[in-house]
Structure formats: structure tokens, C-alpha cells
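Structure record follows, encoded as C-alpha cells.
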């Protein structure tokens, strides 16, 4: 089977970064359809998009949600695999799309994403297939539409939710996992991810608060108590930071993240989501079975299928 890719880039006022992202997509090792979904840019983003993209779709700013923008782009896409990028997310290699396509040789794979470690922090050598119980054990780890892909056929059966302010990616992945699919995570699928802190501490805290509010609302993370927040602050940073413990605890970004999560837990509403499907699945199979069936790292897949 010949697989074709459509890359959907969400943008608003990203004239300083979108050119790098779109050119990196144009330089990929396989042909792609390039679609930009813009939600009200006024800074020249649209000019760059019209120059480099195959389609530019505009939506009103007041109608924007992350899931809505992706669904709009996906409806216009012709590829058998859809890839998503934020306007500031530049693929780290010319084979990002091709490497993503390789994983769909496995019929169980419905999506792909970058990871350099497994959910428990083990360095990843090869790839990792996410399982439903991962979403329960490690709810902050998982699928992100900053740089992802998914089967077009899966999306048609199960589009992104358009009623969420954030975490549309995690919620979609939970439904996919609950319904028998898996998502492949691999180190070679990296895109640039330093944007979160470049905007400054205040913007970082607001973004984390929005994301954690969504994940807590959806049931992915338990509402933290003040004791939980203090315990997380005092505990060592998991497998990601090699600075002295005192410096980790004093990191303003870490403190802002913990505080934002605590505040989100106090105000987040409760919304039904795919995580509840996973919980029902695990309860049906039994907790012992869920603990025994663990995902394991694998070897890298072979070349992408071609006709």
C-alpha cells in the first residue's frame, strides 16, 4: 500500500517561526500535502503561508479550538496519514514524515509521536507502543499535537473534540487506546519544543494552567491537594533534570508548573472523556491483567511500505 502524507500546521501570528516550519516540511524526503489553518493572523503569517502551503484555510479567532482547527485541516486533507505541527515546531530531520509513515506497517498503530524515554523514564532505544494502562499510570506522558501523526481512517471514525480549550490530543489518544489502537513513540520523530519557555514565565504558567485544567477536567489527573503539591515540589524531578536537588526545587518554572496544576485542580469542571473508557476497559479485564500486560520497547521498524 502506498501511504501519502498531509501535514496540517496551526498558526496565529507566527510570522517569526512559521517560515522555518513550512520550509522544513517542504524539504522532507517524501512528497507531502501542506495545509495551514490560520485563526486570525495580522502579522504577515498569512503571506508566508500562501507562499509555501498548498492550502491555506482561515477560521475566525472566536471559533478557534485546537481540535476544531485540526479537524478543519483534516477535512481538507487528501493523505492517508495526517501529520500535525504547531507553527513553531520544526522537524529535526528531513525524514520526519517518512519515519512517521514507517510505523503504519503495523495495523494496530493509529498514531505516532516523539519520545526519548518510556513512560517510566527508561531511555528509549527503538520505539515504544503505548497501551491503555499507560494513560492511567502516567497521565502526563503521551500524545501531543505539537508534532504528531494519525491514520486518516481513524480520524474519520474518531475526530478530535472541538469543545476543549486544551488536551484535545491526550483525549483523542485515550479514545484510540480504549478502542484497541496503539500509538508509536520514537526518538527520531522529534520536533523543536523550546517554545514553552521562550515566551516567559507568565505565559508558561498560563499555558500550563490551561492544559492542566483540561486534563484534570477530563479525568486524566487526580485533583491535587495542597499536600500533593508540596510533595511534588519536594520530590526529585523525574528522569529529566540533572542539576543539584536544591536548584531543581528553586526553579521558577517548576514552581509555576506545580502551582498552576494545584490551581487547576481547584476550579476544573468534570467532563466525560476517553480516560473513562480506559478505566472501564481495565476494570473489565481486571487489575491483575492490566498490570501484567506492559508495553515494551521494540526495534526500529523497516522501510516504509511502498507500492
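In our numbering, the protein residues as written are 13 to 319. C-beta atoms are modelled at their ideal positions from N, C-alpha and C, and glycine is treated no differently. Here the structure is a predicted model, which is why all the values come from computation and not from measurement.
- By a beta-carbon distance limit of 8 Å, residue 42 does not contact residue 71. Their separation comes to about 28 Å.
- In this structure, 201 is the residue among 201, 145, 237, 278 with its C-alpha nearest to the C-alpha of residue 139.
- Checking the DSSP bridge columns, you'll see residue 22 partnered with 49, 98.
- A distance below 8 Å separates the beta carbons of residue 161 and residue 93.
- In the three-state scheme derived from DSSP, where H, G and I count as helix and E and B as strand, residue 38 is classed as helix.
- Around residue 275, the same chain offers 221 as residues with beta carbons nearer than 7 Å, after the five sequence neighbours per side are excluded.
- Distance from the Cα of residue 184 is smallest, within the candidate group 166, 293, 89, 196, for 166.
- Contact annotation, residue 195 with residue 83: C-beta distance approximately 19 Å; criterion of less than 8 Å not satisfied.
- Assignment of residue 75 by DSSP, reduced to helix, strand and coil, places it in the helix class.
- Judged by beta-carbon spacing, residue 45 lies beyond the 8 Å limit of residue 85, meaning their Cβ atoms are not closer than that value.
- Pairing residue 172 with residue 286 gives a Cβ-Cβ distance that is not under 8 Å.
- The straight-line gap separating the alpha-carbon atoms of residue 230 and residue 180 is approximately 10 Å.
- If you draw a 10 Å sphere on the C-beta of residue 146, you find 16 or more other C-beta atoms in it, and that means buried.
- In this chain, the beta strand (DSSP E) harbouring residue 121 covers 121-126.
- The Cβ atoms of residue 177 and residue 215 lie no closer than 8 Å to each other.
- Between residue 67 and the set 20, 236, 273, the nearest pair of CA atoms involves 20.
- Here the stretch 31-42 lies against the stretch 97-111, with 3 or more beta-carbon pairs under 8 Å apart.
- When only Cα atoms are considered, residue 218 and residue 14 end up about 43 Å apart.
- Residue environment for residue 59: exposed (fewer than 16 other C-beta atoms within 10 angstroms of its C-beta).
- Closest option to residue 57, judged by alpha-carbon separation, among 17, 24, 235, 269: 24.
- Taking all protein chains shown into account, residue 113 has 16 or more neighbouring C-beta atoms within 10 Å of its C-beta and is therefore buried.
- It is roughly 42 Å from the alpha-carbon of residue 29 to the alpha-carbon of residue 292.
- In the three-state DSSP reduction, residue 212 falls in the coil class, being neither helix nor strand.
- Closest option to residue 278, judged by alpha-carbon separation, among 77, 236, 189, 148: 236.
- As for any beta strand (DSSP E) of minimum length 3 sitting wholly inside the stretch 121-191, the runs are 121-126, 139-141, 159-163, ordered along the chain.
- Excluding its 5 nearest sequence neighbours in each direction, residue 256 has no C-beta neighbour in its own chain below 6 Å.
- Residue 246 is classed as exposed because its beta carbon has fewer than 16 other beta carbons within 10 Å across all chains shown.
- If you draw a straight line from the Cα of residue 182 to the Cα of residue 151, it is about 9 Å long.
- Within the same chain, 34, 46, 47, 48 come within 7 Å of residue 65 by CB-CB distance, once the 5 residues on both sides are set aside.
- Boundaries of the beta strand (DSSP E) around residue 70: 67-70.
- As a beta-bridge residue in DSSP terms, residue 194 pairs with 121.
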